[in-house]
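Asker: Below is one structure. I have some questions about it.
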Amino acid sequence: MSQPTQIKRRTTAQIRAMKGGTPIVCLTAYTTPVARLLDPHCDVLLVGDSLGMVLYGLETTVAVTLDMMIAHGAAVRRGADQACVIVDLPFGSYQESPQQAFRAAVRVLQETGCDGVKLEGGAEMAETIAFLTARGVPVVGHVGLMPQMVHTAGGFRSVGHSEAEEAKIRRDAMAVAEAGAFALVIEGTVEPLARDLTATLPIPTIGIGASAACDGQILVSDDMLGLFNAFKPRFVKRYADLGATVSTAVETYAAEVRARQFPAAEHTFPPRR
Numbered sequence: 039m040s041q042p043t044q045i046k047r048r049t050t051a052q053i054r055a056m057k058g059g060t061p062i063v064c065l066t067a068y069t070t071p072v073a074r075l076l077d078p079h080c081d082v083l084l085v086g087d088s089l090g091m092v093l094y095g096l097e098t099t100v101a102v103t104l105d106m107m108i109a110h111g112a113a114v115r116r117g118a119d120q121a122c123v124i125v126d127l128p129f130g131s132y133q134e135s136p137q138q139a140f141r142a143a144v145r146v147l148q149e150t151g152c153d154g155v156k157l158e159g160g161a162e163m164a165e166t167i168a169f170l171t172a173r174g175v176p177v178v179g180h181v182g183l184m185p186q187m188v189h190t191a192g193g194f195r196s197v198g199h200s201e202a203e204e205a206k207i208r209r210d211a212m213a214v215a216e217a218g219a220f221a222l223v224i225e226g227t228v229e230p231l232a233r234d235l236t237a238t239l240p241i242p243t244i245g246i247g248a249s250a251a252c253d254g255q256i257l258v259s260d261d262m263l264g265l266f267n268a269f270k271p272r273f274v275k276r277y278a279d280l281g282a283t284v285s286t287a288v289e290t291y292a293a294e295v296r297a298r299q300f301p302a303a304e305h306t307f308p309p310r311r
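Position one of the sequence shown corresponds to residue 39 (the numbering used here), numbered consecutively onward.
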């Protein structure tokens with residue numbers, strides 16, 4: 039009789055249970071090799087639609103497709119042994135109706151093997167979140183600055199500065215939690231509001247440009263490693279400058295090739311006699 043396979047990865051239930059405890063460590067990942075490097079250190083790996091900007095050179099995330107997310111989600115899942123893997127639902131794949139969102143989420147779960155999906159939106163998405171979670175789809179919510187809404191929001195800017203913005207973000211966050219999301223990303227939101235939401239909500243908050251008081255933090259890996267240099271958001275801390283390292287390495291390689299210094303004898307194959 040075969041024994042059931044032991045699942046070592048963190049589950050969405052375990053992530054939810056981290057509310058108020060040791061902060062949740064999250065980073066984005068888009069490829070198998072990078073996922074393998076990040077996996078031992080992270081609780082959550084997010085396959086974010088930010089890949090449209092950092093990998094494909096798009097100006098926003100709006101043009102990212104469901105097929106793109108599935109391809110990268112499957113790649114990350116192959117490189118993740120212990121982190122909970124979450125995949126973004128891209129713009130246009132879930133806003134039309136709960137049924138559309140369910141079809142998209144099922145494709146993501148079945149074709150990537152990930153643990154859950156993330157979608158942007160507050161009170162207007164509560165019905166969809168409730169529909170998904172009632173049918174077995176774990177959901178991470180996302181409020182505050184929502185990159186998929188960049189065209190109607192007037193660009194990438196911090197939010198929560200006015201009383202009206204603050205009230206809306208509060209309503210959105212509570213609606214997402216009440217609808218059944220197991221965690222909530224708070225992005226680009228003024229610090230006191232993010233801190234207060236963390237103290238108020240029953241689910242973990244994961245901050246990006248929010249507050250150190252959030253239950254966890256996430257950054258785009260390419261930002262924090264210095265691989266994406268088109269711009270640097272205020273909330274990003276550069277933990278390495280790998281872009282400069284890559285540039286220097288390639289410059290040295292190019293010089294050696296042009297000088298016929300590479301390949302040297304140790305990099306070629308002598309004949310066997």
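Using N, Cα and C, we set each Cβ at its ideal position, and we do this for glycine too.
What are the uninterrupted segments assigned as alpha helix (DSSP H) that are 4 or more residues long and contained completely in the region 221–293, given in chain order?
Answerer: The qualifying runs are 229–238 and 259–262.
Asker: Contact defined as beta carbons within less than 8 Å: I believe L89 pairs with V102. What is the distance between those atoms, to the nearest angstrom?
Answerer: By one-based count along the sequence shown, residue 89 stands at place 51. By one-based count along the sequence shown, residue 102 stands at place 64. Yes, L89 and V102 are in contact; Cβ-Cβ is about 7 Å, under 8 Å.
Asker: Would you check if there are 3 or more beta carbon pairs closer than 8 Å linking the region 144–161 to the region 114–133?
Answerer: Touching, per the Cβ criterion.
Asker: Would you mind stating whether V217 and T236 have Cβ atoms separated by less than 7 Å?
Answerer: Here residue 217 refers to the residue found at position 179 of the sequence shown. Here residue 236 refers to the residue found at position 198 of the sequence shown. Sequence inspection shows Ala at residue 217; the Val mentioned does not correspond to that position. Cβ distance not < 7 Å, so A217 and T236 don't count as in contact.
Asker: Suppose the cutoff is 7 Å on Cβ atoms and the five residues either side in sequence are ignored; what does the same chain contact list for K46 look like?
Answerer: Position 8 of the sequence shown holds residue 46. D119 and Q120.
Asker: Report the rounded CA-to-CA distance for M56 versus L239, giving the unit in angstroms.
Answerer: Looking up residue 56 in the sequence shown gives position 18. Looking up residue 239 in the sequence shown gives position 201. The straight-line gap from Cα to Cα measures roughly 13 Å.
Asker: Considering only C-alpha positions, which residue in the set H180, I108, V274 and M184 is nearest to L147?
Answerer: For this step, residue 147 is matched to residue 109 along the sequence shown. Checked all of H180, I108, V274 and M184; the closest Cα to L147 is I108.
Asker: Please state whether the Cβ-Cβ distance between L263 and A278 is less than 7 Å.
Answerer: By one-based count along the sequence shown, residue 263 stands at place 225. By one-based count along the sequence shown, residue 278 stands at place 240. Going by C-beta atoms, L263 is nearer than 7 Å to A278.
Asker: Please confirm if the region 267–274 is in contact with the region 291–311, defined as three or more CB-CB distances below 8 Å between the two stretches.
Answerer: The region 267–274, when compared against the region 291–311, does not touch it at the 8 Å Cβ threshold.
Asker: For L257, tell me which candidate among C80, E162 and A51 has the shortest Cα-Cα distance.
Answerer: As a working mapping, residue 257 is identified with position 219 in the sequence shown. It is C80 whose Cα lies nearest to the Cα of L257.
Asker: To the nearest angstrom, how far is it from the Cα of R141 to the Cα of T166?
Answerer: By 1-based counting over the sequence shown, the position of residue 141 is 103. By 1-based counting over the sequence shown, the position of residue 166 is 128. Near 12 Å, if we compare the C-alpha coordinates of T166 and R141.
Asker: How many angstroms separate the CA atom of P176 from the CA atom of F266?
Answerer: In the sequence shown, residue 176 corresponds to position 138, counting from 1. In the sequence shown, residue 266 corresponds to position 228, counting from 1. Taking the straight line joining both Cα atoms gives about 30 Å.
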